[in-house]
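Asker: Here's a structure for you.
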Amino acid sequence: MSDYYQDLGVERSATPEEIKRAYRRLARKLHPDVNPGTDAEEQFKVVSRAYEVLSDPDKRRSYDMGVDPFATGGGGGG
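Put into structure tokens, the structure is as follows:
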């Protein structure tokens with residue numbers, strides 16, 4: 020399982036504001052329009068995925084309990 024906190028460079032106790040700030044800083048640095056390298060594009064995707072999980076209170080709670088919302092397999096219908 021990926022460590023989304025590490026991907027964004029924040030502590031596990033980070034506030035939503037700190038998570039948002041960290042994402043914006045990294046997004047500006049890694050966005051494909053600003054940094055055309057393939058490595059930067061891949062890093063941008065990683066950072067975006069981390070932000071998607073950590074910025075949503077429900078996804079973050081699940082992630083903190085050890086469930087990666089983007090993990091393949093499992094799941095179920097609704």
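The opening position of the sequence shown corresponds to residue 20 in this note's numbering, with each subsequent residue numbered one higher. Idealized CB from N, CA, C, for every residue including glycine.
Who are the near neighbours of residue 41 in its chain, counting only those whose CB is closer than 6 Å to its CB and skipping five residues on each side?
Answerer: Around residue 41: 27, 28, 29.
Asker: Just the C-alpha distance for residue 79 and residue 55, rounded to the nearest angstrom, thanks.
Answerer: If you take the alpha carbons of residue 79 and residue 55, they lie about 30 Å apart.
Asker: Please work out which residues of its chain come closer than 6 Å, Cβ to Cβ, to residue 59, disregarding the five sequence neighbours upstream and downstream, and give them in chain order.
Answerer: The answer, listed in chain order, is 49.
Asker: DSSP three-state label for residue 29, please.
Answerer: Of the three classes helix, strand and coil, the one that applies to residue 29 here is coil, per DSSP.
Asker: Using 10 angstroms around the beta-carbon of residue 69, count the other beta-carbons present and answer buried if the total reaches 16, otherwise exposed.
Answerer: It counts as buried.
Asker: For residue 53, is the classification buried or exposed, using 16 other Cβ atoms within 10 angstroms of its Cβ as the cut-off for buried?
Answerer: Flag for residue 53 reads exposed.
Asker: Spatial neighbours of residue 44 within its chain, please: CB distance less than 7 Å, with the 5 preceding and 5 following residues excluded, ordered by chain position.
Answerer: Cβ neighbours of residue 44 beyond the five flanking positions: none.
Asker: Would you call the CB atoms of residue 72 and residue 88 closer than 8 Å?
Answerer: Yes, they are a contact pair.
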